[in-house]
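For the sequence shown, the numbering used here gives the first residue as 1334, with consecutive numbering after it. Just so you know, even glycine gets a beta-carbon here, dropped at the ideal spot from N, CA and C. Small disclaimer: the values here were computed from a predicted structure and weren't measured. This report concerns only the one structure given below.
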Amino acid sequence: MATTSGTVSGFWEPILREVIDQGDREQPPEWPQLLRVLDFKKRFETMQEFVGLGPVTDEKAELEGVDFDDIIQGGRKELTVSTKAKGFKYSWESVEDDQYDIVASTASSYGDVIRESQEVEAAAFWNRSINGVDTTPFTGFDGRALFHDAHTRLDGGATQDNLFTGDVSLQLLQSFRYHLRNLVTDRGMRNQGHKLNKIVIAPDATTEPLLDQILGAIGGLQPFTADVATPHELGSARAGMVKFVYSYLADTDRTIGISQKAMNQKGAPFYGIRRRPSTISWDDDEIMGSCTAVSWRTGVGFARWQGYVASAG
1334 MATTSGTVSG FWEPILREVI DQGDREQPPE WPQLLRVLDF KKRFETMQEF VGLGPVTDEK
1394 AELEGVDFDD IIQGGRKELT VSTKAKGFKY SWESVEDDQY DIVASTASSY GDVIRESQEV
1454 EAAAFWNRSI NGVDTTPFTG FDGRALFHDA HTRLDGGATQ DNLFTGDVSL QLLQSFRYHL
1514 RNLVTDRGMR NQGHKLNKIV IAPDATTEPL LDQILGAIGG LQPFTADVAT PHELGSARAG
1574 MVKFVYSYLA DTDRTIGISQ KAMNQKGAPF YGIRRRPSTI SWDDDEIMGS CTAVSWRTGV
1634 GFARWQGYVA SAG
């Protein structure tokens, strides 16, 4: 019996959609573990920075007036999403000849396609995040890269540096930790709860075992000394630091530190989703075949840098 136009895609689309969705679910992505996931309502989202009141430093004398402080309006950041899509075609002959396995196998590969595309897009943020090293880095409220040696404060105070040098070492992680302990807000208040938690590195045969040793994989013992019974502060359980090997980080010398609080703050590095992957199929009479395409709309960026530290190696 002849297959007529308008019936093939209508019959196959629900099947292919389920195959594609199943393939996507089988591959849990890494990017939500490193970026805050936001649902965008439109293509362009605008984020406005406001900084609250400063600390109280002077005592109020009896019967004297109260000093008033104003919030500070900071920068505006426009966040943009773009559309990504990929499709494939299959002939009506393949349907007539019961070549379902070939078509379904092609559709199932979409799970890998979606996952890989999202991972590469998310990783581009981290691979373009260091000032003076990466080409065209993303910029935040202060117009600087996420990792910069001179982040500005809105109250006019001294600049702050969250960019370090050197490979993975005990000293580097201590520098990360002390930076977060001494972090100052735009109104001069310290820390606000940031504590070094996640150490992000690329897969590397030298760096990974070294980081395991530093973090105390075996009892939190002191590395690099003969006194193996001496515990050190970074290796103890109370330090709360964990290793995260990020396969999509391009530079094996790069080390990134993230605080426990960082990903929950407004303006933190994000993966914005306008539309999640969706499938559509249609018949093409001219080629006597059917088409299936998957598209989604996403974007990455950041506004605030507090709680993130890095070394380019």
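In terms of Cα proximity to Ser1502, the closest of Asn1530, Thr1631, Glu1346 and Pro1542 is Pro1542. With 16 or more other Cβ atoms inside 10 Å of its own Cβ, Arg1350 counts as buried. In terms of CA proximity to Asn1524, Gln1593 leads the group Ile1613, Gln1593, Asp1545 and Leu1479. Per DSSP, reduced to three states, the secondary structure at His1512 is helical. Remark: fewer than three beta-carbon pairs, one from each stretch, lie closer than 8 Å, so the segment 1451 to 1468 and the segment 1379 to 1390 are not flagged as touching.
Taken atom to atom, the span from the alpha-carbon of Asn1597 to that of Lys1531 is near 14 Å. Rounded to whole angstroms, Tyr1433 and Val1578 show a C-alpha spacing of 39 Å. Arg1486 has its alpha-carbon roughly 9 Å from the corresponding atom of Gly1521. Ile1353 has its alpha-carbon roughly 6 Å from the corresponding atom of Gly1444. Secondary structure at Tyr1443: helix, using DSSP grouped into helix, strand and coil. Here the alpha carbon of His1527 sits roughly 42 Å from the alpha carbon of Ser1441. The Cβ-Cβ distance between Ile1589 and Ala1643 falls below 8 Å. Looking only at Gln1507, Val1517, Ile1405 and Asp1500, the smallest Cα-Cα distance to Ile1534 is reached by Asp1500.
For the pair Phe1635 and Pro1602, the CB atoms are nearer than the 8 Å cut-off. DSSP places Asn1464 in the coil class of the three-state scheme, outside both helix and strand.
Contact between Gly1408 and Phe1474 holds, since their C-beta atoms are separated by about 4 Å, short of 8 Å. Glu1378 and Gly1387 have their C-alpha atoms some 28 Å from each other. Contact between the segment 1397 to 1404 and the segment 1366 to 1375 is absent, with fewer than three C-beta pairs closer than 8 Å. With fewer than 16 other Cβ atoms from the protein chains shown falling within 10 Å of its own Cβ, Lys1419 counts as exposed. Residue pairing from DSSP places Val1384 in a beta bridge opposite Ile1405.
Ranked by how close their Cα comes to the Cα of Ile1620, the residues Glu1411, Glu1426 and Lys1417 have Glu1426 in first place. In the three-state reduction of the DSSP assignment, Thr1540 falls in the helix class. Residue range Trp1425 to Glu1429 is occupied by the alpha helix (DSSP H) that includes Val1428. Distance from the CA of Ser1623 to the CA of Tyr1604, rounded to the nearest whole angstrom, comes to 33 Å. When secondary structure is reduced to three states using DSSP, Leu1367 falls in the coil class, being assigned neither helix nor strand. Annotation: the continuous beta strand (DSSP E) that includes Ala1643 extends over Tyr1641 to Ser1644. An exposed status is given to Lys1599, since fewer than 16 other beta-carbon atoms sit within 10 Å of its beta-carbon.
For Lys1531, the enclosing beta strand (DSSP E) covers residues Leu1529 to Ile1534.
Ser1415 counts as exposed, since fewer than 16 other beta carbons sit within 10 angstroms of its beta carbon. Arg1376 is classed as exposed because its beta carbon has fewer than 16 other beta carbons within 10 Å across all chains shown. Of the other Cβ atoms in all chains shown, fewer than 16 fall within 10 Å of the Cβ of Val1575; this residue is therefore exposed. Within the same chain, Cβ atoms closer than 6 Å to the Cβ of Lys1422 are found at Gly1622 and Cys1624, the five residues on either side in sequence being excluded. In the DSSP assignment, Val1399 falls outside any beta strand (DSSP E) and carries neither an H nor an E.
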